[in-house]
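Each remark here refers to the structure printed beneath this line.
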Amino acid sequence: MPKTLTLRVDDATYETFVRAVAAERRSIANLVETAALRHIQDSEFVDDAEMTPIAGERDLVRRLKRGSAAARKRQGSLVHL
């Protein structure tokens, strides 16, 4: 079920939104939703181009899998730097 969010922005930000949605012929809600989702996807997920060199490091992948298995079993400790 869709949820309603309230967003408070200053006048300059609102005017920026208004200009952008007028140019793209869509709603402010759609602009904000799309931008937020894009930001989350870009900052939280690794794309194939970034993953290829990581996946090629066999020792790293082996250690990551071992660490993941230990975390699921709640083994080990968190190291703070």
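Position one of the sequence shown corresponds to residue 20 (the working numbering), numbered consecutively onward. For glycine and all other residues, C-beta sits at the position ideal for the given N, C-alpha and C.
Using a Cβ-Cβ cut-off of 8 Å (strictly less than) and excluding sequence neighbours within five positions of residue i, which residues of its own chain qualify?
i, result
"S46", "V40"
Report the residue from the options whose alpha carbon sits nearest the alpha carbon of residue i.
i, options, result
"L24", "L79, T32 and A55", "A55"
"L26", "R38, V98, A48 and E43", "A48"
Suppose you measure from the CA of residue i to the CA of residue j; what does that come to, to the nearest Å?
i, j, result
"V51", "M20", "18 Å"
"E34", "M70", "39 Å"
"Q60", "R93", "28 Å"
"A89", "G95", "7 Å"
"D103", "F36", "This structure cannot settle anything about residue 103, because the visible part of the chain is limited to 20 through 100."
In this structure, does DSSP put residue i in helix, strand or coil?
i, result
"G86", "helix"
"Q94", "coil"
"V51", "helix"
So, at 7 Å on beta carbons, what are the nonlocal neighbours of residue i in its own chain, with the 5 sequence-adjacent residues on each side left out?
i, result
"V80", "A74"
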